[in-house]
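Colleague: The sequence shown begins at 148 in my numbering and counts up by one.
Beta carbons are placed, not taken as given, at the ideal position from N, Cα and C, and that holds for glycine.
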Amino acid sequence: MDANLNKNGRGSWNSRLAFVLAAAGSAVGLGNIWGFPTVTAQHGGGGFVLLYLACILLVALPVMLAEMVIGRAGEKNPVGALKHLKPGTPWYLVGALGVITGLIILSFYTVIAGWTVYYFIQAMGGALTVPPGAEDSAAYFAGMFRDMIANPGYEILFVAVFMIATTAIVAVGIQKGIERSIKIMMPLLFLLLAFLIFRSVTLEGAGAGIRFYLIPDLTAITPGVIVLALGQAFFSLSLGMGVMITYGSYLSKDECLPSSAGYVVATDSLIAICAGLIVFPVIFFMISAHGADLNDLVATGAGLVFVIFPQILTELPGGTAATLVFGSAFFLLLAIAALTSAISILEVVTAHLVDDWKIPRKRAAWGAGTVIFILAIPSALSHGAVGWLSEGGWFGISFFDLLYILTFRFFLPIGALGLALFVGWVWGLEKASEEIRTGTPAFRLERLWHLMIRYIAPVAITIILIAQIVDVFGG
Ligand code: TRP
C-alpha cells in the first residue's frame with residue numbers, strides 16, 4: 148500500500164506540524180492581509196481589533212474545534228463525514244451547503260488572487276513606478292488598476308494561471324501535493340511578513356498609524372460593526388464550509404485537537420494583526436507626507452491594496468530599488484497567502500468527489516478546478532469589463548459582490564450554525580468529547596467548550612444572521 152494512504156485508502160498528514168501548517172495556510176489568506184486591515188481602517192481602528200479578538204475566542208475557536216472533531220471522527224469530506232456520523236438524517240445537507248459554498252467562494256477568491264499575481268509580475272518587472280511625464284501617481288495607479296480590471300484578457304488569463312497552480316497541487320494529494328507545497332510556502336510567508344513589517348514600522352509617521360490601529364476607541368463599536376467582526380472571523384478562519392472537517396479527516400487519532408485548533412487560531416490572528424502593522428504605518432506615512440484623508444484612502448477595499456499601496460511604494464526612501472523589493476515582496480506575500488487558502492477550498496470539493504463519488508483524485512481535482520474556472524469568468528468580468536455584470540448592471544451590485552455577500556454574510560454563518568448545532572445537539576457532546584479524548588486524555592476546557600458550542604455560538608450566530616437579513620432586505 149502507498150505510504151501516503153491510511154487504512155481507509157485516504158491520504159493522511161505526515162505529522163501534526165503538517166496539519167497545523169496546512170490549516171493555518173488555509174486560514175491565512177487575502178482575508179487577513181487585505182481584508183482585516185481594510186475593515187479595521189474603515190471601522191475605527193483599535194476598537195474593531197478588540198471586537199474581532201472577542202469573536203475569535205467566544206465563537207470561532209469553539210467552532211474550529213467542532214469542525215476538526217467532526218472531520219476526524221467522520222473520516223471524510225463534510226458531506227461524507229456528516230452522513231457517517233448521523234446516517235439516514237438530512238444533516239449531510241449542511242456539508243453539501245459547504246461544498247457549494249466552496250465552489251462559489253473560490254470562484255471569486257481566485258479573481259483577486261489573479262490580480263495579486265498580475266501585480267507581482269508588474270512589481271518584479273519594475274512597472275510599479277510612475278513614468279516621467281505621467282499625471283500624478285494617484286491617477287496613474289488608478290488608471291493601471293482600471294485597465295487591468297476592464298481587460299477581459301488579463302482578467303481571465305490570471306484567473307487561469309492561479310487556478311492551474313491551485314489544481315496542480317491538490318491533484319497530487321495530501322502529502323505529496325498539499326503538505327509539500329505548504330512546507331515551502333508557509334516559512335516563505337513568515338519571512339516576507341517579517342521583512343515587510345520591519346520596513347513599515349520604521350517609516351516616518353508609523354507611530355500615528357500604530358496608535359490608531361492598536362489603541363481601542365470603543366465609541367466606534369456599533370451593532371453593525373459587531374456583525375462585521377464575526378463575519379470577518381469566520382471568513383478569516385475558513386470556518387463554516389468544512390475546510391477544517393476535510394483537513395481534520397486526514398489526521399491520526401492520537402493528535403491533540405484542542406491545541407491544534409488553538410495553534411491555528413493563534414497563527415491566523417497573529418498574522419492578521421501583523422498585516423495591520425504593515426498597512427497602517429504605510430497609510431499614515433501617506434497621510435503625513437501628503438495630508439491625505441484616512442477615509443478617502445480606505446474608502447474602497449480594492450483601492451487600498453491595488454491603488455494606494457503602489458502609490459506609496461513609489462515614495463519609499465531608497466528609490467526604484469526599494470519600490471521593486473518592497474512591492475514584489477508584498478504582492479508575493481498576497482499571492483502565496485491566497486494560494487494556500489485556495490488549495491484548502493478546492494480540497495473540500497475534491498475530497499467530496501473522491502470519497503462520495505469514487506472519482507479518482509486527479510480527475511476530481513482537475514474537473515472541479517475547471518468548473519471553478521468557468522464559474523469565475525463572470526466574477527472576473529464584473530469589474531467593468533462587461534457592463535451588465537458590473538456595478539450598476541441589472542444586479543444593482545456587481546456579480547462579484549453578489550457572490551461575496553451571499554457567501555460571506557449568509558452561507559458561512561448558516562454553515563457554522565449548522566455544524567455547531569450538529570455537534571451540540573444532534574451528534575452529541577458526549578461522542579465529540581470521546582473523540583477528542585482519544586488524543587487528549589485530559590481535555591481541561593471540556594465544560595467550557597460544551598457551553599460555547601451548545602449555547603453561546605448558536606445564539607451569537609443566530610443574532611448575526613437575523614441582523615444580516617434585516618440589513619440586506621430591510622433597508
Ligand atoms: N481564510 C481565507 C482568508 O482569510 C479564505 C478561505 C479559505 C476561506 N478557505 C475558506 C473562507 C473557507 C471561508 C471558508 O482569506
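With L566 and V206 assumed to form a contact (beta carbons below 8 Å), what rounded beta-carbon distance in angstroms separates them?
Modeller: As a position in the sequence shown, residue 566 is number 419, starting the count at 1. As a position in the sequence shown, residue 206 is number 59, starting the count at 1. At roughly 12 Å, the Cβ-Cβ gap does not stay under 8 Å, so L566 and V206 are not in contact.
Colleague: Return yes when the C-beta of F382 is under 7 Å from any heavy atom of the ligand TRP, and no when it is not.
Modeller: One-based indexing of the sequence shown puts residue 382 at position 235. Yes, since a heavy atom of the ligand TRP falls inside the 7 Å radius drawn around the Cβ of F382.
Colleague: Beta-carbon separation of G311 and E302 under 8 Å?
Modeller: Residue 311 sits at position 164 when you count from the first residue of the sequence shown. Residue 302 sits at position 155 when you count from the first residue of the sequence shown. Correcting the residue identity first, residue 311 is Ile in this sequence and not Gly. No, they are not a contact pair.
Colleague: Report all residues from its chain with a CB closer than 7 Å to the CB of L200; omit the five preceding and five following residues, and keep chain order.
Modeller: Mapped onto the sequence shown, residue 200 falls at position 53. Around L200: S416.
Colleague: Quick one: is the Cβ of M100 within less than 7 Å of any heavy atom of the ligand TRP?
Modeller: No information on residue 100 is available, as it lies outside the stretch 148 to 622 that the chain covers here.
Colleague: Given D618, which residues of its chain have a CB within under 6 Å of its CB, disregarding the five upstream and five downstream residues?
Modeller: Translated into positions along the sequence shown, residue 618 becomes position 471. Within the same chain, D618 has no close Cβ partners at all.
Colleague: Closest by CA to N442, which one among G191, L479, R584, I492?
Modeller: To locate residue 442, count along the sequence shown from 1; it is residue 295. It is G191.
Colleague: Starting from the Cα of Q615, find the closest Cα among L377, A527, Y410 and give me that residue.
Modeller: Within the sequence shown, numbered from 1, the residue matching residue 615 stands at position 468. Checking every option, the nearest Cα to that of Q615 belongs to L377.
Colleague: Determine the DSSP secondary structure at G389, reduced to helix, strand or coil.
Modeller: For the purposes of this step, residue 389 is identified with residue 242 of the sequence shown, where counting begins at 1. Here G389 sits in coil by DSSP.
Colleague: Would T313 pass as a contact of L598 if the rule is Cβ separation under 8 Å?
Modeller: Counting from one through the sequence shown, the residue named residue 313 turns up at place 166. Counting from one through the sequence shown, the residue named residue 598 turns up at place 451. Not a contact, by the Cβ cut-off of 8 Å.
Colleague: Cα-Cα, which of L564, L612, L576 is closest to A604?
Modeller: Numbered from its first residue, the sequence shown carries residue 604 at position 457. Residue L564 is the option with its Cα nearest to A604.
Colleague: So is I430 buried or exposed if we call it buried at 16+ other beta carbons inside 10 Å?
Modeller: Residue mapping note: residue 430 aligns to position 283 of the sequence shown, counting from 1. Under this definition I430 is a buried residue.
Colleague: Look up G516 in the DSSP assignment and give the residues it is bridged to.
Modeller: Along the sequence shown, read from residue 1 onward, the residue named residue 516 stands at position 369. Answer is none; G516 lacks a bridge partner.
Colleague: Determine the direct distance from the alpha carbon of E326 to that of A165, and round the result to whole angstroms.
Modeller: Counting from one through the sequence shown, the residue named residue 165 turns up at place 18. Counting from one through the sequence shown, the residue named residue 326 turns up at place 179. Distance between the alpha carbons of A165 and E326 is about 6 Å.
Colleague: Cα-Cα, which of V319, Y256, I544, L339 is closest to R508?
Modeller: As a working note, residue 508 is residue 361 in the sequence shown. Nearest C-alpha to R508: V319.
Colleague: Taking the C-alpha atoms as reference points, what is the distance between V167 and S488?
Modeller: For the purposes of this step, residue 167 is taken as the residue at position 20 of the sequence shown. For the purposes of this step, residue 488 is taken as the residue at position 341 of the sequence shown. One C-alpha to the other measures close to 13 Å.
Colleague: Could you compute how far the alpha carbon of S491 sits from the alpha carbon of A281?
Modeller: On the sequence shown, position 344 is the one that residue 491 refers to. On the sequence shown, position 134 is the one that residue 281 refers to. Approximately 42 Å, taken between the alpha carbons.
Colleague: Can you find the residues in the same chain that come closer than 8 Å, C-beta to C-beta, to L576, ignoring five residues on each side of it along the sequence?
Modeller: By 1-based counting over the sequence shown, the position of residue 576 is 429. Counting only Cβ-Cβ distances below 8 Å, and skipping sequence neighbours, we find V570, H597, I600, R601.
Colleague: Nearest to I524 by alpha carbon, out of F255, I561, K233?
Modeller: Here the question's residue 524 lines up with position 377 in the sequence shown. It is F255.
Colleague: Quick one, which of F546, L404, L424, L479 has its alpha-carbon nearest P588's?
Modeller: In the sequence shown, counting from the first residue as 1, residue 588 sits at position 441. Of the listed residues, the one whose Cα sits closest to P588 is L404.
Colleague: Expressed to the nearest angstrom, what Euclidean distance is found between the alpha-carbon atoms of T229 and R594?
Modeller: As a first step, residue 229 is located in the sequence shown; it is residue number 82 there, counting from the start. As a first step, residue 594 is located in the sequence shown; it is residue number 447 there, counting from the start. Rather than Thr, the amino acid found at residue 229 in this sequence is Leu. In a straight line, the C-alpha of L229 is about 24 Å away from that of R594.
Colleague: Give the single residue among E402, A355, I455, F453 whose Cα lies nearest to the Cα of S435.
Modeller: Sequence index remark: in the sequence shown, residue 435 carries index 288 (1-based). Among E402, A355, I455, F453, the Cα nearest to that of S435 belongs to A355.
Colleague: Determine the closest residue to A439 out of A512, G352, V501, with distance taken between C-alpha atoms.
Modeller: Translated into positions along the sequence shown, residue 439 becomes position 292. Taking only the C-alpha atoms, the option nearest A439 is G352.
Colleague: So what does DSSP say about A281, is it helix, strand or coil?
Modeller: Along the sequence shown, one-based indexing puts residue 281 at 134. Of the three classes helix, strand and coil, the one that applies to A281 here is coil, per DSSP.
Colleague: Let me confirm a value: D294 is counted as buried when at least 16 other C-beta atoms fall within 10 Å, else exposed. Which label applies?
Modeller: Stepping through the sequence shown from its first residue, residue 294 is reached at position 147. Its Cβ having fewer than 16 others within 10 Å, D294 is exposed.
Colleague: Assign D149 to one of two classes, buried (16 or more other C-beta atoms within 10 Å of its C-beta) or exposed (fewer than that).
Modeller: Residue numbering aside, residue 149 sits at position 2 when the sequence shown is read from its first letter. For D149, the predicted structure reports a pLDDT of 47, less than 50, and the residue's modelled location is therefore unreliable. The matter cannot be settled from this model.
Colleague: Any contact of the segment 232 to 241 with the segment 406 to 421, i.e. 3+ C-beta pairs under 8 Å?
Modeller: No, they do not touch.
Colleague: Thinking just about the alpha-carbon of each residue, which of R219, H437, N298 is nearest to the one in S526?
Modeller: Counting from one through the sequence shown, the residue named residue 526 turns up at place 379. It is N298.
Colleague: I think I180 touches A422, with their Cβ atoms under 8 Å apart; what is that distance to the nearest whole Å?
Modeller: For the purposes of this step, residue 180 is taken as the residue at position 33 of the sequence shown. For the purposes of this step, residue 422 is taken as the residue at position 275 of the sequence shown. 4 Å between Cβ atoms; contact.
Colleague: When the Cα atoms are used, what is the spatial distance from R163 to S399?
Modeller: Your numbering for residue 163 matches position 16 in the sequence shown. Your numbering for residue 399 matches position 252 in the sequence shown. Using only the alpha carbons, I get a separation of about 9 Å.
Colleague: Is S385 near the ligand TRP - that is, is its Cβ less than 7 Å away from at least one heavy atom of it?
Modeller: Within the sequence shown, residue 385 is the residue found at index 238, counting from 1. Under cutoff, so the answer is yes.
Colleague: Quick test of your reading: V306 and F520, contact by CB under 8 Å. State the CB separation rounded to the nearest angstrom.
Modeller: One-based indexing of the sequence shown puts residue 306 at position 159. One-based indexing of the sequence shown puts residue 520 at position 373. That pair is a contact at about 7 Å.
Colleague: How should D364 be labelled, buried or exposed, when 16 other C-beta atoms within 10 angstroms of its C-beta is the threshold for buried?
Modeller: Numbered from 1 along the sequence shown, position 217 holds the residue referred to as residue 364. Burial call: exposed.
Colleague: Between T366 and the rest of its own chain, which residues show a CB-CB distance below 7 Å, the 5 nearest in sequence each way excluded?
Modeller: Counting from 1 along the sequence shown, the entry for residue 366 is found at position 219. Contacts found: none.
Colleague: Identify, in the order they occur along the chain, each residue of the same chain with its Cβ nearer than 6 Å to the Cβ of I425, setting aside the five sequence neighbours on each side.
Modeller: Here residue 425 refers to the residue found at position 278 when the sequence shown is read from its first residue. The residues are L343, I344, S347.
Colleague: Do I611 and the ligand TRP come close, with the Cβ less than 7 Å from some heavy atom?
Modeller: Translated into the one-based positions of the sequence shown, residue 611 becomes position 464. Not so, every heavy atom of the ligand TRP lies at least 7 Å from the Cβ.
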